[in-house]
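Take 197 as the starting number for the sequence shown in the numbering used here and just add one per residue.
All C-beta atoms, glycine included, are put in the ideal place defined by N, C-alpha and C.
It should be emphasised that the depicted structure is a prediction, and the values quoted were computed from it without experimental measurement.
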Amino acid sequence: MAGTVLSVAALDHRVVDRCYATFASVYDRVCGDVLQAGRHEAIRELNLEGGEDVLEVGIGTGLTASLYPGTCRVTGIDASAAMLREAASHIGPGRNIELMRMDAHHLTFPSESFDVVYAAYVMSVVADPVVALREMRRVCRAGGRIVLLNHFLSHAPLASRFERLISPLTARIGFRSDVDLHLLLEHAGLHAVSIRKVNRPRIWSLVRCQREASHGGKSLVAACHPQGDADDHAQHGEKERKELEDEHRPVSSLHVGHCGQEG
Ligand SMILES: C[S@@+](CC[C@H](N)C(=O)[O-])C[C@H]1O[C@@H](n2cnc3c(N)ncnc32)[C@H](O)[C@@H]1O
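See the structure below:
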């Protein structure tokens, strides 16, 4: 079952919005410490240098904020006003972190605005992870880093069957348990430079991608479909963005072939 469908569940953004509006004040107690090891690993993975511009998508209550080096300029976006309020109260004055309310599916930044684009525990909760990741790729400069921290569909047959089974149920409370990483990257025109497991139990993945240079190497999409137009997509962010608006479909309707690459 794994590897043929991006997710079997449809996620209603209104459910997600309600969830974070309701639980913002207790979010840190529920998802703080238990997922913090992964956030620390992610910051190391970002490999930030002084002066770099960072975009954190779905910054939530700002649990990563204190981990950024003070020499970077960080922009944190989130769809939830309640989560952003919590973030604002955590992030002390003097930090170089700007918070903005924005939808990950429609980032309002010009293409190639950031050196690093990062999202922690977000790909399971956005209505369309492909659109969100394509947006992340669009706003990342050529050669820049895109880092995802998330739970993705397991490769183990039993576990993946279970994750597929419960995903329509978990979607009712605001997240998918069965997002297929390889199909997600394939559809977003990215390939992973590294994938490793983090947190305990080790069911979350830290995925680092590099935004291809303008005429750089083949994307995973192209590797799967050498005759296809994937590279053209990867190299023309604005054109693709336009096409995305035209092609926007629910994730659950995406049934695509698996090209068999493992992380
Ligand atoms: C599980 S929380 C993760 C928060 C934070 N990254 C962390 O490490 O704790 C997911 C966050 O994604 C945000 N989110 C969900 N859908 C979004 C969207 N379409 N655009 C922007 N943020 C979104 C939620 O409001 C929430 O703050």
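- With a 10 Å radius around the Cβ and a threshold of 16 neighbouring Cβ atoms, leucine 244 comes out buried.
- Within the same chain, Val313, Met332, Arg333, Cys336, Leu386, Cys405 and Arg407 come within 7 Å of isoleucine 342 by CB-CB distance, once the 5 residues on both sides are set aside.
- Cysteine 215 has its alpha-carbon roughly 15 Å from the corresponding atom of arginine 281.
- By the Cβ-count criterion, glycine 370 is buried, with 16 or more other Cβ atoms from all chains shown falling within 10 Å of its own Cβ.
- Contact annotation, leucine 263 with aspartate 224: C-beta distance approximately 14 Å; criterion of less than 8 Å not satisfied.
- Burial is judged here by how many other beta carbons sit within 10 angstroms of a residue's own beta carbon; threonine 218 has fewer than 16 and is exposed.
- In chain order, Ser203, Ala205, Leu207, Ser320, Ser363 and Thr366 place their CB closer than 7 Å to the CB of arginine 372, counting only its own chain and leaving out the 5 sequence neighbours on each side.
- Within the chosen limit of 7 Å, ligand 1 reaches the beta carbon of alanine 300 through at least one heavy atom.
- Here DSSP, grouped into helix, strand and coil, assigns methionine 296 to strand.
- A straight line joining the alpha-carbon of serine 221 with that of arginine 240 spans about 28 Å.
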